[in-house]
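K.L.:
In this note's numbering, the protein residues as written are 26 to 137. All residues carry an ideal CB built from backbone N, CA and C; glycine is no exception. Have a look at this one.
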């Protein structure tokens with residue numbers, strides 16, 4: 026039992042450095058997109074949201090060591106930023122999105 030847990034821990038740590046480099050690359054690309062690209066150019070906004078989703082996905086997956094939590098939080102964060110882009114992102118929508126995320130976490134926690 027203890028040996029299996031140790032092997033799983035080593036397996037999770039094996040991809041630490043490449044994942045960290047990829048996260049830094051995604052955040053650098055996102056920062057470069059925000060700083061250097063004109064927001065009115067063709068495809069800038071969808072590219073921004075895709076890069077934002079990927080950066081949040083890998084960052085949250087890395088921080089929580091769970092792909093499911095990373096996907097859930099990345100979708101929630103990106104959807105709130107999309108709502109902010111359209112002008113309807115307020116504190117009520119943020120609380121509703123957080124409520125859905127907490128409900129999903131509780132559902133998946135009870136299931137496993």
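In chain order, what residues of the same chain have a beta carbon less than 7 Å from the beta carbon of residue 108, not counting five sequence neighbours either side?
P.N.:
Translated into positions along the chain shown, residue 108 becomes position 83. Taken in chain order, the residues that qualify are 114 and 118.
K.L.:
Excluding sequence positions up to five away, which residues of its chain have a Cβ less than 7 Å from the Cβ of residue 55?
P.N.:
Your numbering for residue 55 matches position 30 in the chain shown. If we look at residue 55 and ignore the five residues flanking it on each side, its Cβ neighbours are 76, 77 and 80.
K.L.:
What would DSSP say about residue 118, mapped onto helix, strand or coil?
P.N.:
The residue labelled residue 118 in the question sits at position 93 within the chain shown. The answer is helix: DSSP assigns residue 118 an H, G or I state.
K.L.:
With a cut-off of 8 Å on the beta carbons, I'd call residue 44 and residue 58 a contact; round off their distance for me.
P.N.:
Counting from 1 along the chain shown, the entry for residue 44 is found at position 19. Counting from 1 along the chain shown, the entry for residue 58 is found at position 33. That pair is no contact at about 21 Å.
K.L.:
Using only the alpha-carbon positions, how far apart do residue 60 and residue 100 sit?
P.N.:
As a position in the chain shown, residue 60 is number 35, starting the count at 1. As a position in the chain shown, residue 100 is number 75, starting the count at 1. Taking the straight line joining both Cα atoms gives about 24 Å.
K.L.:
If we count the other Cβ atoms within 10 Å of its Cβ and call it buried at 16 or more, is residue 98 buried or exposed?
P.N.:
Position 73 of the chain shown holds residue 98. Counting Cβ neighbours within 10 Å, residue 98 comes out buried, since at least 16 surround it.
K.L.:
Closest to residue 52 by C-alpha separation, out of 74, 66 and 123, would be which residue?
P.N.:
As a first step, residue 52 must be located in the chain shown, where it is residue number 27. The shortest Cα separation from residue 52 among 74, 66 and 123 belongs to 74.
K.L.:
What three-state label does DSSP hand residue 64 in the structure shown?
P.N.:
Within the chain shown, residue 64 is the residue found at index 39, counting from 1. Residue 64: coil per DSSP, three-state reduction.
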